[in-house]
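Take a look at the structure below.
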Amino acid sequence: MAKRRKRKLIGMLLAILALSIILTYNPVSVRVMTVAVAVWHKIDPAIFYRLIRTESSFRSFA
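Under this note's numbering, the first residue of the sequence shown carries the number 1, and numbering increases by one thereafter.
In structure tokens, the structure reads:
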């Protein structure tokens, strides 16, 4: 009984880990998190995205 419970717990933890990785690196989730951060800091999301794009264009010079 204890082995089955332990196996079930490990399976649940692996499922939660896999789900969190998928949600973190999903492009849609990243967009939603970016908009949420912009709204949280009271920044217009369009300006926020423009700032990110501008900073990303200078990455090649680093």
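The beta carbon of each residue, even a glycine, is placed where N, CA and C say it ideally should be.
Shown here, Lys6 sits in a helix according to DSSP, grouped into three states. Per DSSP, the continuous alpha helix (DSSP H) segment holding Ile52 begins and ends at 45-57. Taking a contact as a CB-CB distance under 8 Å, the pair Pro45 and Val35 counts as one, their CB atoms being some 5 Å apart. One Cα belongs to Arg7, the other to Phe48, and the distance between them is close to 45 Å. Spanning the alpha carbons of Met12 and Ala2 requires a straight line of approximately 15 Å.
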